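**Student:** What follows is a structure written as structure tokens; I'll ask about it next.
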Amino acid sequence: MEVFWGQPCRKCSYNHHVPDTCLSHLTLVIMAEGQCTTGHSCETAGSPQTSTSQLKRKGEDGEGFPGNKKPAPFGEEGTPVGGSIYGVHKYFYYIKEKVSSDWKDLAFHLGFEQPDIDNIEGRNRDDKSRCMDLLEEWLKRNGERATIEVLMEALTEANLQSVVDGIRKELLEVASPVGATGTESSTLTDVFQESVKKYYELKLSHFKPLIWNDNFTLSLSDVFTQLELMRTPMGQQRKELKSLDDLLNPNITGLSKAPRCILIDGEAGGGKTTFLSKKALEAVSQKTELGRQHNIVLFIRLREVSKGETIEEMVWDQCVPKRKDINVESIEAILEENESSVLFLLDGYDELRPEARTASQAIPKLLSGKLYPNSTIVITSRPSAGVQQHTRPDCHVHIMGFSDKHVEKYMRQYFTLVGKQELTKALAEHVKDKFLNTLIYTPIFLMFICVLWEEDQQLVSTGTITGLYDNLLTCLVRKYCKREGVDMPTEGLPTEVAESLLQLGKLALDALLRNDTMLDLTEVERENVNWKLLLKLGVVSLEDSSSKLHPRKQLNFPHKTMQEFLAGRYVARALVSQDIVELLQLTSIAKALELSNLLQFTCGCESRAAQSVMQELSNLSKKEFSHLQPDDFQGSHLPVKQEIGRSVETYKKFILVCLNLLNERKELDVLHAVSRALPVVIIVMDHIWHSKQSDALNYYLKNIQSSHLPDRMVLESRSVKAFQCLEQLFTTPIPGLKLDLKLSNVLTFYSADETARLVSVLKNVPCLRALELSYLEVTPSSLQPLLFGFSHVSLLEELDLMLRLCDAEMEFLPVVLSSFPHLAVLRVGETAAGMASLAPHMRHLVRLRELCIHRSDISDTDTESLVAVLPTFTAMQVLVLVWTGISPTGMCILAPALCQLTRLIKLDLSHNYKIGDPGLECLSAILHHLTAMKVLVLTSTGISDKGISSLIKALPHLEELQVLDVSSNDIGDTGIVSLVQTLCQPSTLDTEQNPPGDKSLTADPTLQVLKIGWNKRVTGAGLGRVTQLISALPALIFLDISGESCTIGHTYTPVHLPDTAAMALAEALPRLPALEGLALMHISMKPAGFQAVVHAAEEHPTLERLHYCNIGVNVPEGADTTASCLKLS
């Protein structure tokens, strides 16, 4: 239920909608040739400005001062003279460490006003960071006038004389004699940083993507790729990024502070490791903002991490060369002293061994904030690997692979390196073939296509991943046979080669099942595998482990996908005599998602194997998803339990896995198995339009038999390219397909020709069940063809029209309504056509169960027209009138008609400010007729204590009420407390209204969502009383008791929750066993109360989101804000 989690952040500095999870899901086009840096700030009025300290963190490398510059000369009192910017900047770290919590006093004496201080406080995590931010901002504002003399004077005036004395003492100590070379001895942190930098430059700058070709070496500076921020559960739109640095911009992310954890996921071969290696090199050289904000950059390959390793051991093992002056203990000291400036780049969570993933291990502790909570983390993984078990990423980025414009550039680069530039043009034309077009966006696949094109253009003909790898293997074997003088058979492979590859496939499978990507040479020799032959083939390489802690000889695959391919070849052969469940430990959908690439190669290798795999997946689907209903995928008007939401998200991932398998083996038996596994198909076309999944969906629709059609198919499109893919799917009629088609912002219907594109789709889905047309531009000339298209889908049950229509709509909408006699759901918005003109054309909609009118003015006359037809809708369950401007008089006209809608389960009158107390009194007087009501939304309706008192009297009759929203009104303490008392203790209410024998007032509370926040007259005392009562509502899953802050001039004043109230809330949380979300926006608490609430929320077994403001004085100074459930906005 979307309305439950979004909280309009109306008082903070940003104009945005605060989601339940932080933004995730951005598009990032990154090119090696210097196009990674951000070139704009995208600032909006009122948003906090990025400070110098957020752009630059230099010199924070020890408890004392950096020692790489000679201190300025001293004056008579020991004060350094001469005020160069560097001269003062190098003292900032010491001052930050010593001033800490007194930074606000220093800010005042440096001339900062309260709004500036609030801004600095809100955009930093802790007092030390705030102090450094203050100093950097002061330096930026004053330039050459920012001298050490001025700074020391301000420290003295702020009663921080001990800091001034310390500065003088430390300066004298560091003014040691300069050596003959003219340089001072470096600190251990300096040594560590320089060692890391040189180590990365040696290890990461170049790599060989093809282990069988020593002449093909790539520089990381040549790498470019495209990233995209994934769509979040709240439905945020994708956003383009120029670089990862954009994630540090609050105007883009909507975050109030820099993200602590950034998750970058991508499919196999998408370039995650290469991309992160490139970011590591750029960061240590401070070529990016991410690097400039972090002095210490640590790139850790998680596949090298073993059970029991500490973070410090990982750093010593992987980030620095062996040297006497750096050990695990010194690394620990360096990381602790520089924690807020540490950047962890963790590569490949999906390759982390299972025994190293448990909660007690170091990496999960780092992710959850139990270790180094003030550090920053960027972690890569394949989807569904389980990172979210340990942390809720602040940003979630998805690597999409190459963009269209970069595919040919990569080809040109490859063939230039091998000296065959003439091959580029022909291959660029060849890959336009629809079978190859879906593979070229993945870097590893495009590289292999280039390899095959160079070797034998006849090998580049398949549109499946298995076919591509099979051809690559054939190519490598041919090269081997030619070199070694071995006969290459016409069919198949030489016997010894084939046997060795199957043996390697078994070892590859065993390694995959224990989540290992390397083979210990000792184990390989124990199995009597001819590994030297495999080396000659080029399918593995012999290397020494890069780990200093666990040295060994090992066989490495050129890429994890090669390991999965070889394992898939073995599985396809083994399934002839073995059970798939035992062979692959395939006992759950989660395991299927984890092994999706292996299953893909298995299906591609053998038809019988594909049928076996799909049969088992179909069995698992019935077992794990049988509780889901088609409506669970559409968004419910009622609260949705977490487990249902999680199941839906897992099912959507499962759909894509099934499509991938179908693409590898396009056969009717496999198609029928896919249809059995997927009773509902729901796909966002924007995610698959350029992928192999779109080919599979096309095959599915072209070949599916009517008896195997899904119960429902839902296709969403939000871009022009995605709509073009839709057009290709529906070129011929598909009778019987129950399709829900959702189009938003995809087309501009300025002409009849453009409208004809949509019509061509509609006429081929005669059983279209639901149609959503949101925010599409139309003109009068384009409307007539659209009406013709509607004539092909007369069985339509749901229509959502959010068109930007002109005056022509006055004639258009009535005709549209007459086209759909079976309509059950009608949503219209932003329409100039009043109800007076629409209502007469709605009388035939006797099946209407949901009517939503959004952002359309409803006058009193319109209300009368609506009232005249409402009795017709005897099946009505949902009535939504939002932003309609309905008046108190209109409510009094509407209320009597509502009495007849006895099946009504949801009434939403939000954002109708004119309703007020008189309107609510009219509504309350008839609520006893609406006993089926489950959702009542009255947010922003201008009601006060007087109106709420009338509602209180009616509430006992709403025995099934699950959702009540009276937020953002003018209710005071008396009204809110009385309301909550009524909900918590129904047996104490006015029993005079009860008919004889009516026991409704003793019914147990069923309320699941209660939103009473943002009311202007509610004080901390009122909220305190609410916290004492709220535990009597055990069914609650979401509670909003946010304050309504007061802003006068530059002074921001949140509602203060006393310690007694905060403690009461903390004690109540364990007695709300189903609670999933708690909103405390614009609330301030003292440290003890704040920590008690946060601790109780973190310990709660189901509470995932605690929404809290991080501006002004909301978060107590020095408070721990690392709790995973805490969402600061």
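In my numbering, the protein residues as written are 46 to 1174. Glycine residues also receive a C-beta, built at the ideal position from the N, C-alpha and C atoms. Remember, predicted model here, so these are calculated numbers, not experimental data.
Got a sec, what are the start and stop residues for the alpha helix (DSSP H) Ala-8 sits in?
**Tutor:** The structure shown does not extend to residue 8, since the chain spans only 46 to 1174, so no value can be given for it.
**Student:** Out of Cys-944, Glu-189, Thr-934 and Arg-900, which one is the CA nearest neighbour of Phe-918?
**Tutor:** By 1-based counting over the sequence shown, the position of residue 918 is 873. Phe-918 has its Cα closest to that of Cys-944, out of Cys-944, Glu-189, Thr-934 and Arg-900.
**Student:** In chain order, what residues of the same chain lie with their CB nearer than 6 angstroms to the CB of Gly-550, ignoring the 5 residues before and after it?
**Tutor:** As a first step, residue 550 must be located in the sequence shown, where it is residue number 505. Closer than 6 angstroms at the Cβ level, and outside the excluded window around Gly-550, lie Leu-611, Ala-612, Arg-614 and Tyr-615.
**Student:** Tell me whether the segment 297-315 and the segment 432-446 touch, counting them as touching only if at least three CB pairs, one residue from each stretch, are closer than 8 angstroms.
**Tutor:** yes
**Student:** For the alpha helix (DSSP H) that contains Met-880, what are its first and last residues?
**Tutor:** The count along the sequence shown starts at 1 and reaches residue 880 at position 835. 880-883 is the span of the alpha helix (DSSP H), which, as asked, contains Met-880.
**Student:** Considering only the beta carbon of each residue, do Leu-786 and Val-823 sit closer than 8 angstroms?
**Tutor:** The residue you call residue 786 lines up with position 741 of the sequence shown. The residue you call residue 823 lines up with position 778 of the sequence shown. Their beta carbons are not under 8 angstroms apart, which means Leu-786 does not touch Val-823 by this criterion.
**Student:** Hey, is the segment 387-399 in contact with the segment 430-442, meaning 3+ C-beta pairs nearer than 8 angstroms?
**Tutor:** yes
**Student:** I'd like to know whether the C-beta of Ser-641 is nearer than 8 angstroms to at least one C-beta of chain B.
**Tutor:** In the structure shown, chain B does not exist; there is a single protein chain.
**Student:** Per DSSP, Ile-1180 is paired with what?
**Tutor:** Lying outside 46 to 1174, the shown extent of the chain, residue 1180 is not represented and no answer is given.
**Student:** What's the C-alpha gap between Thr-1167 and Ile-1128?
**Tutor:** Position 1122 of the sequence shown, counting from 1, holds the residue named residue 1167. Position 1083 of the sequence shown, counting from 1, holds the residue named residue 1128. If I take the Cα positions, the gap works out to 18 angstroms.
**Student:** Could you compute how far the alpha carbon of Gln-679 sits from the alpha carbon of Val-685?
**Tutor:** Here residue 679 refers to the residue found at position 634 when the sequence shown is read from its first residue. Here residue 685 refers to the residue found at position 640 when the sequence shown is read from its first residue. Computed Cα separation, rounded: 11 angstroms.
**Student:** Take Ile-485 as the anchor and find which of Leu-513, Leu-547 and Gly-1067 has the nearest alpha-carbon.
**Tutor:** Here residue 485 refers to the residue found at position 440 of the sequence shown. That would be Leu-513, whose Cα lies nearest to the Cα of Ile-485.
**Student:** For Ser-692 and Pro-366, I'd like the C-alpha separation in whole angstroms.
**Tutor:** One-based indexing of the sequence shown puts residue 692 at position 647. One-based indexing of the sequence shown puts residue 366 at position 321. In a straight line, the C-alpha of Ser-692 is about 46 angstroms away from that of Pro-366.
**Student:** Indicate the three-state DSSP secondary structure (helix, strand or coil) for His-1152 in the structure shown.
**Tutor:** One-based indexing of the sequence shown puts residue 1152 at position 1107. His-1152 falls in the strand class under three-state DSSP.
**Student:** Starting from the C-beta of Asn-516, find all residues in its chain whose C-beta is less than 6 angstroms away, skip the five residues before and the five after it, and write them out in chain order.
**Tutor:** Here residue 516 refers to the residue found at position 471 when the sequence shown is read from its first residue. Result list for Asn-516: Leu-497 and Leu-504, in chain order.
**Student:** Only counting runs of 3 or more residues, tell me where the beta strand (DSSP E) segments fall wholly within the segment 925-989, in order along the chain.
**Tutor:** 951-953 and 980-982
**Student:** Would you mind stating whether Ala-1113 and Ser-1076 have Cβ atoms separated by less than 8 angstroms?
**Tutor:** Within the sequence shown, residue 1113 is the residue found at index 1068, counting from 1. Within the sequence shown, residue 1076 is the residue found at index 1031, counting from 1. Their beta carbons are under 8 angstroms apart, which means Ala-1113 touches Ser-1076 by this criterion.
**Student:** Going straight from the alpha carbon of Leu-179 to that of Ile-1082, what length do you get?
**Tutor:** For this step, residue 179 is matched to residue 134 along the sequence shown. For this step, residue 1082 is matched to residue 1037 along the sequence shown. Their backbone Cα atoms lie some 41 angstroms apart in a straight line.
**Student:** Answer yes if the segment 181-197 comes into contact with the segment 229-243, meaning at least three C-beta pairs across the two stretches below 8 angstroms, and no otherwise.
**Tutor:** no
**Student:** Counting only the same chain and skipping the five closest in sequence on each side, list residues whose C-beta sits under 7 angstroms from that of Asp-731.
**Tutor:** Indexing the sequence shown from 1 puts residue 731 at position 686. Around Asp-731, the same chain offers Ser-762, Arg-763, Ser-764 and Ala-767 as residues with beta carbons nearer than 7 angstroms, after the five sequence neighbours per side are excluded.
**Student:** What distance in whole Å lies between the Cβ atoms of Leu-1148 and Glu-1121, which are believed to be in contact at a cut-off of 8 angstroms?
**Tutor:** What you label residue 1121 is simply residue 1076 of the sequence shown in a count that begins at 1. What you label residue 1148 is simply residue 1103 of the sequence shown in a count that begins at 1. Correct: roughly 6 angstroms between the Cβ atoms.
**Student:** Residues in the same chain with beta-carbon distance under 8 angstroms from Val-133, minus the five sequence neighbours each way, listed in chain order, please.
**Tutor:** Residue 133 sits at position 88 when you count from the first residue of the sequence shown. Only Leu-184, Ala-191, Thr-192, Ile-193 and Leu-196 meet the Cβ criterion.
**Student:** Have a look at Lys-332 and Asp-962 and give me their C-alpha separation to the nearest angstrom.
**Tutor:** By one-based count along the sequence shown, residue 332 stands at place 287. By one-based count along the sequence shown, residue 962 stands at place 917. Looking at the two C-alpha atoms, the distance is approximately 60 angstroms.
**Student:** Nearest CA to the CA of Arg-933: which residue from Leu-911, Leu-915, Asp-905 and Ala-920?
**Tutor:** The residue you call residue 933 lines up with position 888 of the sequence shown. The residue asked about is misnamed: residue 933 is Pro in this sequence, not Arg. That would be Asp-905, whose Cα lies nearest to the Cα of Pro-933.
**Student:** Beta-carbon within less than 7 angstroms of Ala-1164's beta-carbon, same chain only, minus the 5 sequence neighbours each way: which residues are those?
**Tutor:** Working through the sequence shown from its first residue, we reach residue 1164 at position 1119. For Ala-1164, where only same-chain residues beyond five positions count, the Cβ hits under 7 angstroms are Pro-1132, Phe-1135 and Gln-1136.
**Student:** What number of angstroms, rounded off, separates the C-alpha of Val-715 from the C-alpha of Ile-733?
**Tutor:** The residue you call residue 715 lines up with position 670 of the sequence shown. The residue you call residue 733 lines up with position 688 of the sequence shown. Using only the alpha carbons, I get a separation of about 20 angstroms.
**Student:** For Lys-1044, which residues in the same chain have their Cβ closer than 7 angstroms to its Cβ, ignoring the five residues on either side in sequence?
**Tutor:** Here the question's residue 1044 lines up with position 999 in the sequence shown. Low local confidence applies: a pLDDT of 44 at Lys-1044 is under 50, so the model's placement there is unreliable, and no value is given.
**Student:** Asn-601 bridges to which residues according to DSSP?
**Tutor:** Numbered from 1 along the sequence shown, position 556 holds the residue referred to as residue 601. In the DSSP output, where bridge partners are listed per residue, Asn-601 has Met-563 and Ser-586.
**Student:** Using three-state DSSP, classify Asp-501 as helix, strand or coil.
**Tutor:** The count along the sequence shown starts at 1 and reaches residue 501 at position 456. It is coil, neither helix nor strand.
**Student:** In this structure, what does DSSP give as the bridge partners for Ile-422?
**Tutor:** By one-based count along the sequence shown, residue 422 stands at place 377. According to DSSP, Ile-422 bridges with Cys-306 and Phe-389.
**Student:** With three or more C-beta pairs closer than 8 angstroms as the rule, is the segment 1048-1057 touching the segment 1098-1117?
**Tutor:** With fewer than three CB-CB distances shorter than 8 angstroms, the segment 1098-1117 does not count as touching the segment 1048-1057.
**Student:** In the DSSP output, which residue or residues are listed as bridge partners for Cys-440?
**Tutor:** In the sequence shown, the residue the question calls residue 440 occupies position 395. According to DSSP, which records beta bridges pairwise, Cys-440 is partnered with Ile-307.
**Student:** Reducing DSSP to helix, strand and coil, say where Glu-761 ends up.
**Tutor:** Mapped onto the sequence shown, residue 761 falls at position 716. Strand at Glu-761.
**Student:** Below 8 angstroms, how does it come out for the segment 1012-1022 and the segment 689-704: are there three or more Cβ pairs, yes or no?
**Tutor:** no
**Student:** Going by the CB atoms, is the gap between Ala-328 and His-339 shorter than 8 angstroms?
**Tutor:** Locating residue 339 in the sequence shown gives position 294, where the first residue counts as 1. Locating residue 328 in the sequence shown gives position 283, where the first residue counts as 1. Yes, the pair counts as a contact, with Cβ atoms nearer than the cut-off.
**Student:** Looking only at its own chain, which residues have a Cβ that is under 6 angstroms from the Cβ of Leu-390, when we skip the five neighbours before and after it?
**Tutor:** Against the sequence shown, residue 390 aligns to sequence position 345. Answer for Leu-390: Leu-321, Ala-325, Phe-344 and Val-423, listed in chain order.
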